[in-house]
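Asks: Take the position in the sequence shown, starting the count at 1, then add 36; the result is the number in our numbering.
For glycine and all other residues, C-beta sits at the position ideal for the given N, C-alpha and C.
Below: one structure in structure tokens.
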Amino acid sequence: MPGRIRQEDIAAVRERSAIADVVGEYLQLRPAGGGSLKGLCPFHDEKTPSFNVTPGKELYYCFSCTAGGDVIKFVQEIEHLSFAEAIERLAARAGVELRYEQGGYVPGQETSQRRRLIDAHRAAVDFYSERIRGDSASAARAFLAERGFELSDAERFGVGYSPAAWDELTRHLRGRGFTDEELLKAGLARQGRRGLIDMFRGRLMWPVRDLTGETIAFGARKLDPDDDGPKYLNTPETALFKKGHVLYGADLAKREIAHRRQAVIVEGYTDVMACHLSGVPTAVATCGTSFGEDHVKVLRRLIMDTNGSDGEVIFTFDGDAAGQRAALRAFSLEEKFVTQTFVAVQPDGLDPCDLRLKHGEGAVRDLVARRVPLFEFAIKSALAKHDLDTTEGQLAALDEAAPIVGRIKDPGRRARYAVNLDRWLGLMDERFVLDRVRQHAGGGRGAGRDGRDRSVDPSTARGGDGQRGADGQQGRPYDRSDPVLRVEREALKLAVQWPALCGPEFDALSAAAFTVPVHGAVAGLVVGCGGVVSAGRARDWVAALIEAAPDDRARAFVTELAVERLQVAGEPDEKYADMVLATVGELAARREIAAIKAKLQRTNPEDDQPVYNKMFGDLVALEQRRKWLLGRATGG
37 MPGRIRQEDI
47 AAVRERSAIA
57 DVVGEYLQLR
67 PAGGGSLKGL
77 CPFHDEKTPS
87 FNVTPGKELY
97 YCFSCTAGGD
107 VIKFVQEIEH
117 LSFAEAIERL
127 AARAGVELRY
137 EQGGYVPGQE
147 TSQRRRLIDA
157 HRAAVDFYSE
167 RIRGDSASAA
177 RAFLAERGFE
187 LSDAERFGVG
197 YSPAAWDELT
207 RHLRGRGFTD
217 EELLKAGLAR
227 QGRRGLIDMF
237 RGRLMWPVRD
247 LTGETIAFGA
257 RKLDPDDDGP
267 KYLNTPETAL
277 FKKGHVLYGA
287 DLAKREIAHR
297 RQAVIVEGYT
307 DVMACHLSGV
317 PTAVATCGTS
327 FGEDHVKVLR
337 RLIMDTNGSD
347 GEVIFTFDGD
357 AAGQRAALRA
367 FSLEEKFVTQ
377 TFVAVQPDGL
387 DPCDLRLKHG
397 EGAVRDLVAR
407 RVPLFEFAIK
417 SALAKHDLDT
427 TEGQLAALDE
437 AAPIVGRIKD
447 PGRRARYAVN
457 LDRWLGLMDE
467 RFVLDRVRQH
477 AGGGRGAGRD
487 GRDRSVDPST
497 ARGGDGQRGA
507 DGQQGRPYDR
517 SDPVLRVERE
527 ALKLAVQWPA
537 LCGPEFDALS
547 AAAFTVPVHG
557 AVAGLVVGCG
567 GVVSAGRARD
577 WVAALIEAAP
587 DDRARAFVTE
597 LAVERLQVAG
607 EPDEKYADMV
617 LATVGELAAR
627 REIAAIKAKL
637 QRTNPEDDQP
647 VYNKMFGDLV
657 ALEQRRKWLL
667 GRATGG
């Protein structure tokens, strides 16, 4: 086993892995002001973006679910990797060669299992790509040519050919240093009666890539009519490949999806190719499974599908019965999107690949342009099941279509579709149809389906850190609108983000100067790291605080303070910092004065004169200090 990765190499990986670039490979980011970027959080479902990336500090933080950290933490969380695996992945991306302690550098032994599986897939892509030009691949080239694709198109999408021999790829990868166990775990080989054999043989091969462009699986189409295997065969689920989370072509389409705010869902690999080559570069497809909720999450992040979004998701399906069933399955997921959804169905049943071949690339673009709203498609599909020439058929169709209309999120669109439904039914009684739709609109969508963000305030969600009085009893919960908590929070943000402005004044504040435990804990953490007077470069200071935090909860709160904007226009200066810190000190002095006054009321000056006199002296000194702090806090 290799030793630990050297700290200087970890630092080099951090330095060369800009967090905005890395996060941007997984979701769309847009300017949020103050040098920050925002997008839809990849770690929970939300309708409005609360996920913030701060390039200046190289940190991310979600103000809704409180996920946060640096670029390494992000890759760990989104790819479910260990710390070392995340470092190795980022190192490969940034071109950093890692060295390991405790045994030194041993070429070929330093990579994690995940890296090895990815390297095996990369070698397989090269192997298949080379074989497609060989004599044995004539059927593969003929298949592509029959569908209007040239070899240059195959190269663009990485399409290759798997030889029909039992173990040609297996032997090739063994020669490259990969073990049998690695080939099995990668899904590139399987156990035969006499040993390992290739998973794919005699097939046209499409590499399936993740959003970063790494190949993690293959889709394979049989070419020999005598092959008794399935027409399409996909890599089985592995540590790398979870088919419900991957969309074929998303690595190529993600930038255009973000730019156009559009995603086109097609059914097959050749359909993706045909769309991209026809000027529809937002096309993606599922990999051996139906379109599901996890696919929705991927697309929403790429489109930034938020309240008020003007994006669109377009499903293309064959015009046959199976295509209609697929479209209606997609309709069941419509409410998972905020943006509007559409269906594009070719009347003659041609899929995008056949449409391009028969009618040209313009016909593919026209198919997408002729899209109809998914609700309209679903409603008309329901009406088609009934005889609308009879009253009984009209009423039955109304009962089936009204719940569909009732699920429409926007009230104006819902009313418009109710009017259209009356027209399509031929009832000529809009009020009757509207009443029937309203009956279904009330409970048809379920709680929380109205598009509002019902996320709990992250500070409240942390729980247990409500405000406590001097007696330590639990009081009201953490409330960001509380003016005392707001100024305390501002002081902590200054100490974390701008330590040079805080000087010894912040270090002079004790944990008792803060009214909630979580604030006092951060103040204590700052002191434990040497105080703001010892802070160096802001980015290193934040990293030191996060590293010194006692647990994930504390690290999350420090990260939140590091990325949250200050309540001042532009950059803060020493005067602003002095006013904030003086305000915290003056409020703390007020609380101490109130506590001393309460004790004086309970103390008999004749029975305990020394104690009474000392408290009275402390009271006078505190009052003088409070007035001095008040003058600084108000700029006097």
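Ignoring anything shorter than 3 residues, give me the beta strand (DSSP E) runs that lie fully in the region 264-349, in order along the chain.
Replies: Correct list: 268-270, 298-302 and 319-322.
Asks: Could you tell me which residues DSSP puts in a beta bridge with PRO67?
Replies: Walking along the sequence shown from the start, residue 67 turns up at place 31. DSSP lists LEU73 as partners of PRO67.
Asks: If you draw a straight line from the C-alpha of ALA201 to the C-alpha of GLY238, how long is it?
Replies: As a position in the sequence shown, residue 201 is number 165, starting the count at 1. As a position in the sequence shown, residue 238 is number 202, starting the count at 1. Near 8 Å, if we compare the C-alpha coordinates of GLY238 and ALA201.
Asks: By DSSP, does PRO261 sit in helix, in strand, or in coil?
Replies: Here residue 261 refers to the residue found at position 225 of the sequence shown. If DSSP states are grouped into helix, strand and coil, PRO261 belongs with coil.
Asks: Out of GLU541, LEU461 and ALA605, which has the shortest C-alpha to C-alpha gap to VAL563?
Replies: Start at 1 with the first residue of the sequence shown, and residue 563 comes out as number 527. Measuring from the Cα of VAL563, the nearest candidate turns out to be GLU541.
Asks: One question on the structure: do PRO608 and LEU617 come within less than 8 Å of each other, judged by their Cβ atoms?
Replies: Numbered from its first residue, the sequence shown carries residue 608 at position 572. Numbered from its first residue, the sequence shown carries residue 617 at position 581. Their beta carbons are not under 8 Å apart, which means PRO608 does not touch LEU617 by this criterion.
Asks: My understanding is that ARG167 touches GLY196, with C-beta atoms under 8 Å, so please give their C-beta distance in whole angstroms.
Replies: Against the sequence shown, residue 167 aligns to sequence position 131. Against the sequence shown, residue 196 aligns to sequence position 160. Confirmed, Cβ separation roughly 6 Å.
Asks: Tell me, which residues are paired with THR251 by DSSP?
Replies: The residue labelled residue 251 in the question sits at position 215 within the sequence shown. The partner list for THR251 (beta bridge, DSSP) reads ARG245.
Asks: Considering only C-alpha positions, which residue in the set LEU247, GLU412, GLU600 and ASP446 is nearest to ALA381?
Replies: Locating residue 381 in the sequence shown gives position 345, counting from the first residue. This sequence places Val at residue 381; Ala is not what is there. It is GLU412 whose Cα lies nearest to the Cα of VAL381.
Asks: What residue does the alpha helix (DSSP H) around THR377 start on, and which one ends it?
Replies: The residue labelled residue 377 in the question sits at position 341 within the sequence shown. Not the alpha helix (DSSP H): THR377 falls in the beta strand (DSSP E), residues 376-381.
Asks: When the Cα atoms are used, what is the spatial distance from ALA54 to LEU461?
Replies: Stepping through the sequence shown from its first residue, residue 54 is reached at position 18. Stepping through the sequence shown from its first residue, residue 461 is reached at position 425. Approximately 57 Å, taken between the alpha carbons.
Asks: Taking 8 Å as the threshold (C-beta atoms), are GLY71 and GLY104 in contact?
Replies: Translated into the one-based positions of the sequence shown, residue 104 becomes position 68. Translated into the one-based positions of the sequence shown, residue 71 becomes position 35. Their beta carbons are not under 8 Å apart, which means GLY104 does not touch GLY71 by this criterion.
Asks: Are there 16 or more other CB atoms within 10 angstroms of the CB of PHE87, so buried, or fewer, so exposed?
Replies: Sequence index remark: in the sequence shown, residue 87 carries index 51 (1-based). Under this definition PHE87 is a buried residue.
Asks: May I have a chain-ordered list of the beta strand (DSSP E) segments no shorter than 3 residues that lie completely inside the region 192-244?
Replies: Taking only runs of at least 3 residues, the beta strand (DSSP E) segments lying wholly in the region 192-244 are 196-198, 225-228 and 231-234.
Asks: With 16 as the cutoff for other CB atoms within 10 Å, does ARG459 come out buried or exposed?
Replies: Residue numbering aside, residue 459 sits at position 423 when the sequence shown is read from its first letter. Exposed, by the Cβ-count rule.
Asks: What is the residue span of the alpha helix (DSSP H) that THR427 lies within?
Replies: If you number the sequence shown from 1, residue 427 lands on position 391. Its alpha helix (DSSP H) spans residues 427-442.
Asks: Going by DSSP in three states, CYS101 sits in which element: helix, strand or coil?
Replies: Here the question's residue 101 lines up with position 65 in the sequence shown. CYS101: coil per DSSP, three-state reduction.
Asks: Which of the three DSSP states is assigned to PHE351 in this structure?
Replies: Counting from 1 along the sequence shown, the entry for residue 351 is found at position 315. In the structure shown, PHE351 sits in a strand (DSSP, three-state: E or B).
Asks: Is the separation between the beta-carbon of ALA156 and that of LEU209 shorter than 8 Å?
Replies: As a working mapping, residue 156 is identified with position 120 in the sequence shown. As a working mapping, residue 209 is identified with position 173 in the sequence shown. Contact flag set, yes.
Asks: Is the region 324-343 touching the region 280-299 in the sense that three or more CB pairs, one from each, lie closer than 8 Å?
Replies: Touching, yes, given that three or more Cβ pairs across the two stretches are closer than 8 Å.
Asks: Pull up the DSSP beta-bridge partners for PRO409, would you.
Replies: If you number the sequence shown from 1, residue 409 lands on position 373. Beta-bridge pairing links PRO409 to PHE378.
Asks: Using 10 angstroms around the beta-carbon of HIS116, count the other beta-carbons present and answer buried if the total reaches 16, otherwise exposed.
Replies: For the purposes of this step, residue 116 is taken as the residue at position 80 of the sequence shown. With fewer than 16 Cβ atoms within 10 Å of its Cβ, HIS116 is classed as exposed.
Asks: Buried or exposed for VAL677, please, with buried defined as at least 16 other CB atoms from any protein chain shown within 10 angstroms of its CB.
Replies: The displayed coordinates of the chain run from 37 to 672. Any statement about residue 677 would go beyond what the structure contains.
Asks: Please list, in chain order, all residues of the same chain as GLU61 whose beta carbon is under 6 Å from its beta carbon, the five residues on each side excluded.
Replies: On the sequence shown, position 25 is the one that residue 61 refers to. These residues qualify, in order along the chain: LEU247 and THR248.
Asks: Got a sec, what are the start and stop residues for the beta strand (DSSP E) THR90 sits in?
Replies: Start at 1 with the first residue of the sequence shown, and residue 90 comes out as number 54. Unbroken beta strand (DSSP E) run through THR90: 87-90.
Asks: Who are the near neighbours of GLY674 in its chain, counting only those whose CB is closer than 6 Å to its CB and skipping five residues on each side?
Replies: Because residue 674 is not part of the residues shown, which for the chain are 37 to 672, the question remains open.
Asks: Could you tell me which uninterrupted alpha helix (DSSP H) segments, each at least 4 residues in length, are contained entirely in the region 506-588, listed from first to last along the chain?
Replies: You should have 519-533, 535-544, 553-564 and 574-584.
Asks: Please return the same chain residues whose Cβ sits closer than 7 Å to the Cβ of ALA592, not counting the five positions on each side in sequence.
Replies: Along the sequence shown, read from residue 1 onward, the residue named residue 592 stands at position 556. Around ALA592: THR102 and GLY104.
Asks: Please name the residue in LYS421, ALA432 and THR352 whose C-alpha comes closest to that of ASP402.
Replies: Within the sequence shown, residue 402 is the residue found at index 366, counting from 1. Closest by alpha carbon: THR352.
Asks: Assuming contact is defined by CB atoms lying nearer than 8 Å, are ALA253 and LEU269 in contact in what I supplied?
Replies: The sequence position of residue 253 within the sequence shown is 217, counting from 1. The sequence position of residue 269 within the sequence shown is 233, counting from 1. The answer is no: Cβ separation not under 8 Å.
Asks: Between the Cα of PRO317 and the Cα atoms of TYR284, GLY75, GLN149 and CYS565, which residue gives the shortest distance?
Replies: Walking along the sequence shown from the start, residue 317 turns up at place 281. If we check each option's Cα against that of PRO317, TYR284 comes out closest.
Asks: Do ALA613 and TRP534 have their CB atoms nearer than 8 Å?
Replies: Walking along the sequence shown from the start, residue 613 turns up at place 577. Walking along the sequence shown from the start, residue 534 turns up at place 498. Cβ distance < 8 Å, so ALA613 and TRP534 count as in contact.
Asks: Less than 8 Å between the C-beta atoms of ARG66 and TYR136, yes or no?
Replies: In the sequence shown, residue 66 corresponds to position 30, counting from 1. In the sequence shown, residue 136 corresponds to position 100, counting from 1. Cβ atoms of ARG66 and TYR136: not closer than 8 Å.
Asks: Compute the beta-carbon to beta-carbon distance between VAL132 and ASP45, rounded to the nearest angstrom, for a pair I have assumed lies under 8 Å.
Replies: In the sequence shown, the residue the question calls residue 132 occupies position 96. In the sequence shown, the residue the question calls residue 45 occupies position 9. Yes, they are in contact, since the Cβ atoms of VAL132 and ASP45 sit about 6 Å apart, within 8 Å.
Asks: Do the CB positions of ASP234 and GLU204 come within less than 8 Å of each other?
Replies: Numbered from its first residue, the sequence shown carries residue 234 at position 198. Numbered from its first residue, the sequence shown carries residue 204 at position 168. Yes; because the gap between Cβ atoms is below 8 Å, this pair is in contact.
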